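Per the numbering used here, residue 7 is the first one in the sequence shown, and the count goes up by one each step.
Here's the structure we're looking at; comments come further down.
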Amino acid sequence: MNQFGRRLSFSTFGESHGKAIGCVVDGVPAGLSIDETFIQSQLNRRKPGKSEFETARKEDDKVEILSGILDGVSTGTPIAMIIYNTNHKSKDYSNIKDIFRPGHADFTYYKKYGIRDYRGGGRSSARETAARVAAGAIAKLMLQELNIQILSGISEIHGIKATDFDYEYAKTSIICALDKKVEEQQKEVILKAKNNHDSVGGVARVVIKGVPVGLGEPIYYKTDALLADAMMGINAAKAVEIGDGFASSQSLGSQNNDEITSKGFASNHAGGILGGITNGDDIIINTYFKPTPSIFQPQHTINIDNTDVDFSLKGRHDPCVAVRGSIVCESMAALVIADMLLLNMGRQISGIKQYYM
Ligand SMILES: Cc1cc2nc3c(=O)[nH]c(=O)nc-3n(C[C@H](O)[C@H](O)[C@H](O)COP(=O)(O)O)c2cc1C
7 MNQFGRRLSF
17 STFGESHGKA
27 IGCVVDGVPA
37 GLSIDETFIQ
47 SQLNRRKPGK
57 SEFETARKED
67 DKVEILSGIL
77 DGVSTGTPIA
87 MIIYNTNHKS
97 KDYSNIKDIF
107 RPGHADFTYY
117 KKYGIRDYRG
127 GGRSSARETA
137 ARVAAGAIAK
147 LMLQELNIQI
157 LSGISEIHGI
167 KATDFDYEYA
177 KTSIICALDK
187 KVEEQQKEVI
197 LKAKNNHDSV
207 GGVARVVIKG
217 VPVGLGEPIY
227 YKTDALLADA
237 MMGINAAKAV
247 EIGDGFASSQ
257 SLGSQNNDEI
267 TSKGFASNHA
277 GGILGGITNG
287 DDIIINTYFK
297 PTPSIFQPQH
307 TINIDNTDVD
317 FSLKGRHDPC
327 VAVRGSIVCE
337 SMAALVIADM
347 LLLNMGRQIS
357 GIKQYYM
């Protein structure tokens, strides 16, 4: 189950401390200009070790395209990309080889498979999300041709909330903060947790602009359902909201309905989706990330023999995974919308005729 999407699908491979990670993106229409520097720029946004707010593991995340492109243009065949791991320190993990880190996937992977790649969390590590960002960059190139824009940023860290959502500012912020007013406070709570050998959670917000009306495949492949699937599949994501999300359950119908005018919707509580189908308004997604499970305080757990143990972790970890997680959310959203666009082609007989006649 390492594949995602239907018409535009991708699968990823690799482990945190293995030789490489990568992806195969299938279903990319032929003739799409593939700008390798753009793909690399997206990976650079996610790559670790850029600041004190991230894990100190330094990876260049240099992407190499192996197939599917000729003279800078997609050929309609699978696009394979590889990123070599260069900075893994597996010995940092030798003391947790046989014990389960609380909050991480060690316990469940071991119980399910009977074997666990303990080096950096193996396949359960968010290192894998670099491959999703590479795949997402291909989807973004496709969306750019259609003037669909995807932006993201951090709306909340440890309860400190943005009230303004400035996506251009987020591009310049080292923690991808959407609101300059609270950025310093957000930075402080991350560093405070880090200095206490602890971690904090946060919320990543994604907006998708310029989406045409009609994307989404009721009943079981609705746009909101697939976006939630995509976001919840990201490591440490614990909840997803579309539009007003949780708040809409406390609202009145008269407040929550987006009235329709001849010029468009008067408000956007729905977050751009009705009945699982895009309504042409901005799609808004908030993804809630838990605090990083790997913390450096002494903790209690069990080992593979079910013996109680106290342990202290070594290694390098993000103090707040939401920060780099926001770029992964943006990439997954691009992949969902690109898939929906391709699925929607030929939805009406007039569209099919236009293509063939
Ligand atoms: C971008 C990103 C970076 C992450 N970095 C770390 C990390 O450095 N250390 C860690 O323990 N977990 C990290 N995680 C979270 C774990 O991968 C995740 O909590 C773990 O796989 C268990 O899965 P679950 O939290 O979804 O249940 C990161 C997540 C993301 C999205």
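Even glycine gets a Cβ: it sits at the ideal position worked out from N, Cα and C.
Small disclaimer: the values here were computed from a predicted structure and weren't measured.
N-terminal and C-terminal residue of the beta strand (DSSP E) that residue i is part of
i: M7; result: Looking at the DSSP string, M7 is not in any beta strand (DSSP E), and its letter there is neither H nor E.
i: C29; result: 26 to 32
i: D66; result: Element bounds for D66: n/a, residue is neither H nor E.
i: T92; result: No beta strand (DSSP E) holds T92; DSSP gives it neither H nor E.
Extent of the continuous alpha helix (DSSP H) to which residue i belongs
i: A245; result: Here A245 belongs to no alpha helix (DSSP H); instead the beta strand (DSSP E) covers 243 to 248.
i: V219; result: Neither: V219 is in no alpha helix (DSSP H) and is coded neither H nor E.
i: N50; result: 42 to 52
i: L197; result: 186 to 201
i: I274; result: The question names Ile, yet the displayed sequence has Asn at residue 274. No alpha helix (DSSP H) holds N274; DSSP gives it neither H nor E.
i: F113; result: 112 to 119
i: S332; result: 327 to 350
i: T178; result: 173 to 178
i: T18; result: Counting along the chain, T18 falls outside any alpha helix (DSSP H), though it belongs to the beta strand (DSSP E) covering 15 to 20.
i: K146; result: 135 to 151
i: S260; result: 259 to 262
Among the options, nearest to residue i - alpha-carbon criterion
i: S47; options: G208, T81, I144; result: I144
i: K25; options: E223, K95, S17; result: K95
i: A183; options: N202, N201, D204, L157; result: L157
i: E151; options: L349, R353, A340, Q354; result: A340
i: K97; options: F19, L319, A36; result: L319
i: S273; options: S300, G249, K296, E21; result: G249
i: A168; options: Q192, L149, E174; result: Q192
i: I88; options: S73, G78, S100; result: S73
i: Y173; options: G259, S332, G251; result: S332
i: Y175; options: I160, H164, G165; result: I160
i: V30; options: V79, G78, A86; result: A86
Beta-carbon gap between residue i and residue j smaller than 7 Å
i: L49; j: D67; result: yes
i: I289; j: I240; result: no
i: I180; j: S337; result: no
i: E21; j: D123; result: yes
i: A137; j: G28; result: yes
i: L348; j: L76; result: no
i: R322; j: R63; result: yes
i: V206; j: P297; result: yes
i: N292; j: V219; result: no
Beta-bridge pairing of residue i - partner residues as DSSP gives them
i: H306; result: D316
i: R211; result: G159, N292
i: Y227; result: E223
i: T284; result: I279
i: I166; result: I163
i: E70; result: I88
i: I105; result: N309
i: T267; result: G270
i: L1; result: It is not possible to answer for residue 1, since the shown part of the chain is limited to 7 through 363.
i: V79; result: S39, L76
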